[in-house]
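First to last, the protein sequences are chains A and Z. When the letters of the first sequence are read in order and numbered with this note's numbering, they come out as residues 1266 to 1439. When the letters of the second sequence are read in order and numbered with this note's numbering, they come out as residues 5 to 776. A virtual CB, placed ideally from N, CA and C, is assigned to each residue, including glycine. Report on the structure given below.
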Amino acid sequence: MPLKKHYLNRARITGQLESDDPLRRIVDAIYKEGLTLVNPAIYFETLDISAVPQTFIPGKFAGAKRITLFASTLGLAVDDRIQDYMSRNMVLDSQLLDAWSSESLEALNDAFDTVLRNENGEGTIRFSPGYGDIAVNINRSFLEFLNVPCINAHSETGILTPVKSTTCMIGWYA
Amino acid sequence: MKRSEFLDILDKKVLVLDGGYGTQFMKLGFGGIPGEVLNLQNPEAVEKVHRSYVEAGSNIILTNTFSANSLKLRALGHEKDMIAINRTAVAVARRAGGRETLVFGDMSSCGEFPVPAGTMDFDACVDIFRTQASILASEGVDGLIIETMSDIKELKAALLGVREASPDLPLIVHMTFDETFRSVTGTPPEAYAALFDDLDCDVIGINCSVGPAVSLDIIRKIATHTSKPLSVEPNAGAPIFDGVKLTYNETPEDFAMYTEDFISAGCRIIGGCCGTSPDHIKLISHFATSGRNLKTARTPVQIITSRTAIATMDPFITIGERINPAGRDRFQKQIVDMNFSQVLDEAASQKLQGATVLDTNLGIEKLLTPEHFVKVINELDRASSLPLSLDIQTPSMMELAARHYSGRPLLNSARVTDKNLPRRIEILKKYGGMLVLLAMGKEIPETARGRFDVIMEGIRILEDAGISRHRVLADALVMSFGAGKDPSVTLETFKLLNEEGIKTTCGLSNLSFGMPDRSYLNGTFLTQALDRGLTSAIMNPGDEFVMGCLYGTLSLAGKKLTRADVRVSENPLVNILLEGNAEKLLKEIKDLCNINDPVIVSQEILGKAMEEIGILYGNGKIYLPHLLLAAQTSQLSFDHLNSLLAGEVESKGRVLLATVEGDVHDIGKKIVGTVLKTGGFEVIDLGKDISAQKIVEKALELKPDIIGLSAMMTTTVGRVSEVAAALKAADINAKLICGGASMTSDLAIKFGADGFAKNASFVTDLCLKILN
């Protein structure tokens, strides 16, 4: 579950929503609806750095001895509902659900990040393809390498399906 | 734990309270035993539930003593075990909580309301809470909580009792409000917050009745009227019964998503009430410790309140002066004779004329006893009066009136002398309220600067005693123009005080004492005073010229005066019923009987007026105290009509009411009974904790058309099913209806009932539909 303030910030809603503000009811309803739609899953593997394809390893991971690769997703239902809202011109609802699910995925990753760091000790930042020196279009081979069954990546753009999915990695110094 | 230590913790972090106990006991298979009795019969079960909350992240757990006061335990047949139950509860909670978890002693309603909402003596109510609090305190709890209180006066009694037993322990107070933002006896959250901001408690909050979304709305209303830390324990939504077990519709995730909102609104303690579980608490704990946004201090809005009404300072408070027998010998004699009919008349008429507060002066106090002051306070409270200004000279009588008052009063008044002001400060500190501070010490200063200095000296003394200047209405002293006093001194004093941000008042009519054309003098002076920042006046709202000057001057300044919600009906009898003036109503009824058949008067005139009262209540136009008042007010007239008719009046049906076995809550059922009587039904109330067998016996004997069952607790709702089966087995055809805090429409159908009323406002319609 994401912090509400993060959800609201991402949806560009600032300040307190008063009780008679109709937006508050929608914001809360979307939060609750999101909880019923998600089917979160994480696929991961921790490997010696020599076992990881060189094309996956960012320069920032210099000195790392092992790497955890992981892919996370909220599932397809939330994508479908966002599309459904869009098709019915319910733009506010779709925008809120999009913001909520983005923050939910972030919360999922943060929680898993904490678990990994507790187990592996000192590590690098959490890194995703598409930033820095690793192109986003490695996503397809990244998912194939991890053998992830329920997340697809476009071979050229690297865009993930379900949309609310991520690929990440953390390097470990010990 | 010291109160200052507790408040220091709340400055730095949010504390997580525990969740529901009833549903957890049910899960463990103890649904049939009163929760408090479990402390003695199966303390291991109680400890197990405590531990589950500690493991979920509760920083505070509550002792299993919610209903362990002498009155409730008497109803359960366990009064003799009261000390043992409370002592064991503390020991069990302490064992489960270990060193890290705070243990707070839990207390709640006696099950009866003090006068006038109920029949219990106020001081007896104080005693009940003092007794329980002293046991819990002596057993070493870290603090105390009084929760799920639906009557503001009972909560005030509870607080006074707790503070007599334990002045030094942290104290949390909670009321419960429904989705209309009112307590059962009609109090809005703002009025509750304003009074308890003054009283000697540390944290103000709410619990039960509603889920987190509505709780948040209520908390935000409370937050504007107190600077104290807030606390909240919502229900997990509405109960759902699948035929075997009871669950609630708010999942832990649904529930926890409001945690940040509560913190932003000022909550420093968050937990759960009915239907919440360790899973709910675990998630609350997660959100309470991540992403905290602890707000800075709030400045409460100053209001004067009664049980049901609020008078705001902005832009002006009109304090009606007519409850004062000075110069009216007959009125004084009535008061001495304990006849408060004219007091109620004056209250009602001034409300219609636009007063927002009522000055209450009973005249020559040497002629009066303490009972006079208690009675008049209760009579005005019963009549759902506007907020009161307690214009009482004798300090002990002022204290008594403040003690029995159900709101945040205006104490009228104090002079700035060593003897006079400290005594009023004592009363303010103990019972709350605002103070009319006179611009005089032993003498009245002749100059505006002199009067201003006296007021500022008084404010300094008040602030040294911990009372904010925002609680002061400074009276710049209007003197008699006819006696040669210069009104410009008073006007200049208003100006000086206004520049300092001090709220002001005056006795307006003093200006024209002994003069002709009083209205013109008073009205003109009022206009000048408003221009200099006057914020209230004790005045005659029946003087149309003066009131016109008030409305006109404020309008020209771009301010709108909000008048109290007056005259809710075009039917004059309805308004008399709502004034609570039984004698006036009886006179009207007797007059009507002179020109109508008594049957017509009873059924078509008074009966219809009572029906309209029921509709007004159902529509939320009036509140429960109004409804109870009208029912009570009508009794004298109905008795008179019945004596004329000798059994000619037919009821709409006979209703048998009972609270199911194992449940001792019967306030709601009594309210339902009153509403049904008001609607023309014959009502027989069997009482509380009534077995299915007894209900069957009485149904066979009395042959009711409808049987109404009440079950408040999650552990007793299932009894309705037993009664339904027993009635069917006995071939009783009466319709069965049910209600209560834990009941729902779905549950009622599953249990075999013919109808369900969410609250008393729906019950008359339900009964009429069922019988038709």
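Cutoff 6 Å; reference residue i; Cβ partners in own chain excluding five residues on either side
{"i": "E403(Z)", "result": "I431"}
{"i": "A469(Z)", "result": "I429"}
{"i": "Q1348(A)", "result": "none"}
{"i": "G756(Z)", "result": "A728"}
{"i": "G1395(A)", "result": "V1401"}
{"i": "R1289(A)", "result": "L1282"}
{"i": "L577(Z)", "result": "A613"}
{"i": "I736(Z)", "result": "A703"}
Within chain A, partners of residue i - CB distance below 7 Å
{"i": "D265(Z)", "result": "K1269"}
{"i": "E257(Z)", "result": "M1266 and L1300"}
{"i": "S268(Z)", "result": "Q1281"}
{"i": "A217(Z)", "result": "D1293"}
Assigned secondary structure, residue i (DSSP; H/G/I helix, E/B strand, else coil)
{"i": "F108(Z)", "result": "strand"}
{"i": "T720(Z)", "result": "coil"}
{"i": "M1355(A)", "result": "coil"}
{"i": "E143(Z)", "result": "coil"}
{"i": "L1433(A)", "result": "Sequence check: residue 1433(A) is Cys here, not Leu. Reduced to three states, the DSSP call for C1433(A) is strand."}
{"i": "N211(Z)", "result": "strand"}
{"i": "K674(Z)", "result": "helix"}
{"i": "F760(Z)", "result": "strand"}
{"i": "P243(Z)", "result": "strand"}
{"i": "H376(Z)", "result": "helix"}
{"i": "N1412(A)", "result": "coil"}
{"i": "M179(Z)", "result": "strand"}
{"i": "F34(Z)", "result": "coil"}
{"i": "I619(Z)", "result": "helix"}
{"i": "C597(Z)", "result": "helix"}
{"i": "T421(Z)", "result": "coil"}
{"i": "D395(Z)", "result": "strand"}
Environment of residue i [buried if 16+ CB atoms lie within 10 Å]
{"i": "H1419(A)", "result": "exposed"}
{"i": "R412(Z)", "result": "buried"}
{"i": "P304(Z)", "result": "buried"}
{"i": "I1390(A)", "result": "exposed"}
{"i": "N1383(A)", "result": "exposed"}
{"i": "G511(Z)", "result": "buried"}
{"i": "D422(Z)", "result": "exposed"}
{"i": "P233(Z)", "result": "buried"}
{"i": "P1267(A)", "result": "buried"}
{"i": "E503(Z)", "result": "exposed"}
{"i": "T180(Z)", "result": "buried"}
{"i": "Y1438(A)", "result": "exposed"}
{"i": "M3(Z)", "result": "Outside the shown range of chain Z (5 to 776) lies residue 3(Z), about which nothing can therefore be said."}
{"i": "G39(Z)", "result": "buried"}
beta-carbon residue i near the ligand GTP non-hydrogen atom, thresh 6 Å
{"i": "P304(Z)", "result": "Looking for the ligand GTP in the displayed structure turns up nothing, as the structure carries no ligands at all."}
Residues near residue i by beta carbon distance below 7 Å, same chain, minus five either side
{"i": "G358(Z)", "result": "T322, P545, M551 and R567"}
{"i": "S655(Z)", "result": "G684, F685 and E686"}
{"i": "A1364(A)", "result": "Y1272, R1275 and A1276"}
{"i": "A169(Z)", "result": "R134, A137, S138 and A141"}
{"i": "V107(Z)", "result": "I65, T67, V94, A97, R98, G101, V145 and D146"}
Supposed close pair residue i, residue j - CB separation, criterion 8 Å
{"i": "V1356(A)", "j": "G1299(A)", "result": "Actually they do not touch by this definition, with Cβ atoms about 17 Å apart."}
{"i": "I208(Z)", "j": "A195(Z)", "result": "About 12 Å separates the two Cβ atoms, so there is no contact after all."}
{"i": "D479(Z)", "j": "V440(Z)", "result": "5 Å"}
{"i": "V166(Z)", "j": "L159(Z)", "result": "Not really, about 10 Å apart at Cβ, beyond 8 Å."}
{"i": "V777(Z)", "j": "I368(Z)", "result": "Nothing about residue 777(Z) can be reported from this structure: the residues present for chain Z run from 5 to 776 only."}
{"i": "E325(Z)", "j": "S513(Z)", "result": "6 Å"}
{"i": "P629(Z)", "j": "N382(Z)", "result": "With 8 Å as the limit, P629(Z) and N382(Z) do not qualify as a contact, their Cβ atoms being about 12 Å apart."}
Neighbouring residues, chain Z, relative to residue i (Cβ below 7 Å)
{"i": "Y1296(A)", "result": "M261"}
8 Å CB neighbourhood of residue i in its chain, flanking five on each side removed
{"i": "T105(Z)", "result": "V58, S62, N63, I64 and I65"}
{"i": "G746(Z)", "result": "The sequence given here has Ser at residue 746(Z), not Gly. Closer than 8 Å at the Cβ level, and outside the excluded window around S746(Z), lie P243, L250, C278, A715, M716, M717, T718, T720 and V721."}
{"i": "K286(Z)", "result": "A60, G61 and P256"}
Any C-beta of chain C under 7 Å from that of residue i
{"i": "V603(Z)", "result": "Of the protein chains in the structure, A and Z, none is chain C."}
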